[in-house]
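Visitor:
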Amino acid sequence: MVSISISSVSKRFGSLKALDDVSLDIDEPMVMGILGPNGAGKTTLLKLITGIMRPSSGKILINGRSVANDPKNVLKDVGSLIEQPEFYPYLTGYESLRFVCRIRGMDSSDCEDEIRRVAEMTSIKGYLHRRTGNYSRGMKQRLGIAAAMACDPEILVLDEPTTSLDPKGMKEIRDIISKISREERHIVILSTHLLNEARDVCDRVTIINGGKLAYDSRAVRRSDIITVRVSKVPENMVINSPFVQEYRTEGGRLIIRKSTGTENHSVVKYLVESGWNVDEVTSYDDLEDKYIGIVGKGGE
Amino acid sequence: MAGRGRFLTVFTHYFTNYYRSRSFYVMLILILLISSLMTYLSFRYSNNLPSFLGGTQFQNLPVSEKENVFAFLWAFILLDVPVFASVFFGSPAVSSEIENKTSYHIFSLPIGRFTLLGGKYLAAFAVTLVVTSIYIAFEAAVLGIEFHAFPFPRFYISYGLLILFILSLTSLTFLISSIFSKNLYAYITVFIIYFLVFNVVEILLQLLYSYNAFFLLSNASSIVQRVFINVSTSNFSSAGSITPAGIHEVLTSSFVMLLYTVIGFVAALFVFERREVH
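In structure tokens, the structure reads:
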């Protein structure tokens with residue numbers, strides 16, 4: 001079974017502690033989101049996982065093997081995109097992907113199909129035979145994701161993969177990430193500063209702040225709580241319904257915890273009949289509150 | 001894929017990137033210009049060496065010695081070619097990975113640093129050799145046409161020593177490159193070490209102690225030309241003999257260059273193995 005175990009990992013740069021005693025275990029296929037402000041230590045953690053850096057203390061095991069001690073073998077199971085990807089400018093996208101496939105141990109004859117597969121997934125097929133020096137930022141990003149996915153590694157480490165992409169590209173990449181995790185049963189570690197991205201894609205979210213792991217939760221999407229945006233509030237605004245367990249108001253929103261088994265439409269029907277003017281119903285999560293709470297405490 | 005296959009993949013990847021680069025074409029144009037100029041001078045002065053070199057000892061030389069003088073002159077220029085080529089291809093070898101951020105993509109691949117550095121080293125060596133061999137081809141053609149002298153054994157010995165020189169210089173530039181994170185620092189340091197530090201040390205030792213600094217790469221590399229005529233251009237006490245360097249000097253210089261090759265590469269690997277990208 002694919003797994004990542006991060007035990008008491010710290011990383012120092014001189015007197016600066018970029019990561020401080022971080023521990024995490026991922027032992028089943030999922031999309032793990034890593035959130036945090038700039039300089040929090042997100043990318044440092046990803047660099048440690050991918051062997052680009054070595055921890056000052058602690059250890060990182062991938063499928064039970066130490067990254068620091070045996071990077072050559074351990075990294076066979078890991079595809080990564082760290083920071084904004086750069087390639088050798090005089091080589092084509094095809095040559096860059098072929099290099100990755102060959103280094104990952106793929107036979108020369110199989111490379112062609114694999115390159116076509118990842119190029120189609122990332123929509124760069126038409127650009128494969130151009131030199132990467134002529135690629136736009138977004139094209140390099142897509143090529144970087146294609147390179148990370150080449151040879152279908154069990155673990156994908158992606159550092160802000162949707163940066164530089166247009167909205168359509170962002171959606172495509174998020175769909176790919178979800179598919180890789182849910183259908184192909186791989187682990188995806190996704191660093192992002194976009195809360196909605198984490199909300200849409202991640203099964204589990206951690207927040208790193210000041211080099212420390214400040215939050216770790218699997219409950220990214222709460223199915224029992226909904227946010228209802230309302231434009232008209234009745235004079236008698238007491239909600240007394242068997243569908244609603246508890247509620248509170250926040251500006252023009254109602255945050256409602258539903259009773260067990262209650263469907264959204266039952267709550268909406270009750271509200272409308274009680275004189276509320278319902279504009280929008282969305283599922284609620286407390287990620288933003290948590291994030292602001294943590295980062296605001298002493299982050300940026 | 002076996003280690004040798006990976007090595008070949010790395011070599012091919014970097015060699016392709018090198019020979020398509022602007023640096024390669026700049027070097028190619030320079031080499032063609034210098035080779036053309038040397039070809040012109042060789043034909044122009046082949047029968048009038050004293051007016052070109054100014055020494056009376058070059059008058060009435062037999063053909064076999066005249067060909068040595070010309071081979072020496074060609075090698076004199078040749079010695080700077082690998083220096084420039086190595087600076088172009090070797091100096092940014094590691095520093096560019098850091099500066100251009102290609103390291104994030106490369107260092108996270110399942111490949112040993114030895115294979116990575118070794119493949120890249122051979123690619124830089126090969127592309128330098130290709131550039132240098134164009135000059136050698138001009139030289140061989142001129143010597144062949146003008147003196148009907150090609151091939152002659154010392155020419156091959158000189159070429160073999162040149163290969164050793166390129167290997168040692170590439171090792172030195174890789175070592176310097178592995179220390180820096182900026183290409184410019186690596187370029188400047190290689191130039192300063194080779195053209196300034198080596199020369200100053202050599203001249204000072206010569207002037208103050210009459211000591212021949214055989215252990216310096218710049219000194220050892222001069223064997224490439226001294227196999228034709230044993231005159232060191234930085235040796236002020238040189239008697240100006242037109243006899244070739246003896247076997248002892250050839251072996252000593254070869255050994256020094258071999259040491260630079262091995263120690264330089266091992267030290268570069270030592271630094272590279274521990275290199276982290278922040």
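Just so you know, the protein sequences line up as chains P and R, in that order.
Read left to right, the first sequence gives residues 1 to 300 (my numbering).
Read left to right, the second sequence gives residues 1 to 278 (my numbering).
We put the beta carbon where it would ideally sit given N, CA and C, even for glycine.
A quick note: this is a predicted structure, and the numbers were derived from the prediction, not measured.
1. Short of 8 angstroms Cβ to Cβ, which residues in the region 45–65 of chain P face chain R?
2. Would you say residue 120 (chain R) faces chain P, with C-beta separation under 8 angstroms as the test?
3. Answer yes or no: does any C-beta atom of chain R fall closer than 8 angstroms to that of residue 91 (chain P)?
4. Find the residues of chain P that neighbour residue 6 (chain R), judging by a C-beta separation of less than 7 angstroms, and give them in chain order.
5. Please decide whether residue 13 (chain P) counts as near chain R, where near means a Cβ-Cβ distance under 8 angstroms.
6. How many angstroms separate the CA atom of residue 168 (chain R) from the CA atom of residue 53 (chain P)?
7. Three-state secondary structure (DSSP) at residue 9 (chain P)?
8. Compute the Euclidean distance between the alpha carbons of residue 154 (chain R) and residue 178 (chain R), then round it to the nearest angstrom.
9. From residue 190 (chain P) to residue 18 (chain P), what distance separates their C-alpha atoms?
10. Of all the options P:121, P:55, P:59, P:146, which has the alpha carbon lying nearest to the alpha carbon of residue 93 (chain P)?
11. Answer yes or no: does any C-beta atom of chain P fall closer than 8 angstroms to that of residue 111 (chain R)?
12. May I ask you to list, following chain order, the residues of the region 84–96 of chain R that have a beta carbon less than 9 angstroms from some beta carbon of chain P?
13. Which residues of chain R have a Cβ atom closer than 8 angstroms to the Cβ of residue 169 (chain P), listed in chain order?
14. Assign residue 206 (chain R) to one of three DSSP states: helix, strand, or coil.
15. Who are residue 281 (chain P)'s beta bridge partners in DSSP?
16. Measuring alpha carbon to alpha carbon, tell me which residue in P:124, P:282, P:104 is nearest residue 200 (chain P).
17. Which residue's Cα is closest to the Cα of residue 122 (chain R): R:245, R:16, R:252?
18. With DSSP collapsed to three states, give me the class of residue 84 (chain P).
19. Which ranges does the beta strand (DSSP E) cover as unbroken runs of at least 3 residues, wholly within the region 1–69 of chain P, from first to last along the chain?
20. Do you know offhand how far residue 207 (chain R)'s Cα is from residue 19 (chain R)'s?
21. Helix or strand or just coil, what does DSSP make of residue 233 (chain P)?
22. Using the C-alpha atoms, what's the distance from residue 219 (chain R) back to residue 43 (chain R)?
23. Report the CB separation of residue 51 (chain P) from residue 171 (chain R) in whole angstroms; it is logged as a contact under 8 angstroms.
24. May I ask you to check if the CB of residue 98 (chain P) is nearer than 7 angstroms to at least one heavy atom of the ligand GTP?
25. Check whether the region 153–162 of chain P and the region 122–130 of chain P touch, using three or more Cβ-Cβ pairs below 8 angstroms as the test.
26. Please determine, among R:196, R:141, R:94, the residue with the shortest C-alpha to C-alpha distance to residue 271 (chain R).
27. Select from the region 12–30 of chain R all residues with a C-beta closer than 7 angstroms to any C-beta belonging to chain P, and list them in chain order.
28. Would a check of beta-carbon distances place residue 39 (chain P) closer than 8 angstroms to chain R?
29. List, in chain order, every chain P residue whose beta-carbon is nearer than 7 angstroms to that of residue 100 (chain R).
30. Any beta carbon from chain R within less than 8 angstroms of residue 75 (chain P)'s own beta carbon?
31. Helix, strand or coil for residue 209 (chain P)? Go by DSSP, reduced to three states.
32. With a threshold of 7 angstroms on Cβ separation, who are the neighbours of residue 278 (chain P) within its own chain once the five nearest residues in sequence on each side are excluded?
33. For residue 276 (chain R) and chain P, any beta-carbon pair shorter than 8 angstroms?
34. On the three-state DSSP scale, how would you describe residue 258 (chain P)?
35. Taking a contact to mean a Cβ-Cβ separation below 8 angstroms, would you say residue 9 (chain P) touches residue 60 (chain P) in this structure?
36. How many whole angstroms separate the CB atoms of residue 92 (chain R) and residue 183 (chain R), which I take to be in contact at a CB cut-off of 8 angstroms?
Guide: Checking against the coordinates, here is how it stands:
1. Hits within the stretch, in order: 47, 50, 51, 52, 53, 54.
2. Within the second sequence, the letter at position 120 stands for residue 120 (chain R). With 8 angstroms as the cut-off, residue 120 (chain R) does not count as an interface residue toward chain P.
3. Position 91 of the first sequence, counting from 1, holds the residue named residue 91 (chain P). Cβ-Cβ to chain R under 8 angstroms: yes for residue 91 (chain P).
4. Numbered from 1 along the second sequence, position 6 holds the residue referred to as residue 6 (chain R). Simply 103.
5. Translated into positions along the first sequence, residue 13 (chain P) becomes position 13. The beta carbon of residue 13 (chain P) falls within 8 angstroms of a beta carbon belonging to chain R, placing the residue at that interface.
6. In the second sequence, the residue the question calls residue 168 (chain R) occupies position 168. In the first sequence, the residue the question calls residue 53 (chain P) occupies position 53. Distance between the alpha carbons of residue 168 (chain R) and residue 53 (chain P): 30 angstroms.
7. Taking the first residue of the first sequence as position 1, residue 9 (chain P) is located at position 9. Residue 9 (chain P) falls in the strand class under three-state DSSP.
8. Position 154 of the second sequence, counted from the first residue, corresponds to residue 154 (chain R). Position 178 of the second sequence, counted from the first residue, corresponds to residue 178 (chain R). Going by the C-alpha atoms only, they are around 36 angstroms apart.
9. Residue mapping note: residue 190 (chain P) aligns to position 190 of the first sequence, counting from 1. Residue mapping note: residue 18 (chain P) aligns to position 18 of the first sequence, counting from 1. Computed Cα separation, rounded: 19 angstroms.
10. Along the first sequence, one-based indexing puts residue 93 (chain P) at 93. The candidate whose alpha carbon is nearest that of residue 93 (chain P) is P:146.
11. The residue you call residue 111 (chain R) lines up with position 111 of the second sequence. By this cut-off, residue 111 (chain R) is an interface position.
12. none
13. Residue 169 (chain P) sits at position 169 when you count from the first residue of the first sequence. Those within 8 angstroms of residue 169 (chain P) in chain R number zero; the least Cβ separation is about 19 angstroms.
14. Taking the first residue of the second sequence as position 1, residue 206 (chain R) is located at position 206. In this structure, residue 206 (chain R) counts as helix in the three-state DSSP scheme.
15. Here the question's residue 281 (chain P) lines up with position 281 in the first sequence. For residue 281 (chain P), which the question treats as bridged, DSSP gives the partners P:228.
16. For the purposes of this step, residue 200 (chain P) is identified with residue 200 of the first sequence, where counting begins at 1. Comparing Cα positions, the closest option is P:282.
17. Taking the second sequence and counting its residues from 1, one reaches residue 122 (chain R) at position 122. Of the candidates R:245, R:16, R:252, the one whose C-alpha sits nearest the C-alpha of residue 122 (chain R) is R:16.
18. For the purposes of this step, residue 84 (chain P) is taken as the residue at position 84 of the first sequence. Looking at residue 84 (chain P) - three-state DSSP - the assignment turns out to be coil, as it is neither helix nor strand.
19. 4–13, 16–26, 31–35, 57–62
20. Here residue 207 (chain R) is taken as the residue at index 207 of the second sequence, counted from 1. Here residue 19 (chain R) is taken as the residue at index 19 of the second sequence, counted from 1. Those two C-alpha atoms are separated by around 42 angstroms.
21. Position 233 of the first sequence, counted from the first residue, corresponds to residue 233 (chain P). Residue 233 (chain P) falls in the coil class under three-state DSSP.
22. The residue given as residue 43 (chain R) occupies position 43 in the second sequence. The residue given as residue 219 (chain R) occupies position 219 in the second sequence. Cα-Cα distance, rounded: 29 angstroms.
23. Within the first sequence, numbered from 1, the residue matching residue 51 (chain P) stands at position 51. Within the second sequence, numbered from 1, the residue matching residue 171 (chain R) stands at position 171. So it is not a contact: roughly 26 angstroms between Cβ atoms.
24. The ligand GTP is not among the ligands present in this structure, which contains no ligands whatsoever.
25. no
26. The sequence position of residue 271 (chain R) within the second sequence is 271, counting from 1. When only C-alpha atoms are compared, the closest one is R:94.
27. 13, 16, 17, 20, 21
28. What you label residue 39 (chain P) is simply residue 39 of the first sequence in a count that begins at 1. No - not a single Cβ of chain R is within 8 angstroms of the one on residue 39 (chain P).
29. Against the second sequence, residue 100 (chain R) aligns to sequence position 100. Within chain P, the residues near residue 100 (chain R) are 86.
30. Sequence index remark: in the first sequence, residue 75 (chain P) carries index 75 (1-based). For residue 75 (chain P), the answer is yes, since a Cβ of chain R falls inside 8 angstroms of its Cβ.
31. Residue numbering aside, residue 209 (chain P) sits at position 209 when the first sequence is read from its first letter. In the structure shown, residue 209 (chain P) sits in a strand (DSSP, three-state: E or B).
32. Numbered from its first residue, the first sequence carries residue 278 (chain P) at position 278. Sequence-distant Cβ neighbours of residue 278 (chain P) in its own chain, meaning closer than 7 angstroms and more than five residues away, are 228, 230, 268, 271, 272.
33. Residue 276 (chain R) sits at position 276 when you count from the first residue of the second sequence. At least one chain P Cβ lies under 8 angstroms of residue 276 (chain R).
34. As a position in the first sequence, residue 258 (chain P) is number 258, starting the count at 1. DSSP, read as helix, strand or coil, puts residue 258 (chain P) in strand.
35. In the first sequence, the residue the question calls residue 9 (chain P) occupies position 9. In the first sequence, the residue the question calls residue 60 (chain P) occupies position 60. It is a contact, given that the beta carbons lie within the stated cut-off.
36. In the second sequence, counting from the first residue as 1, residue 92 (chain R) sits at position 92. In the second sequence, counting from the first residue as 1, residue 183 (chain R) sits at position 183. With a Cβ gap of about 4 angstroms, residue 92 (chain R) and residue 183 (chain R) count as contacting.
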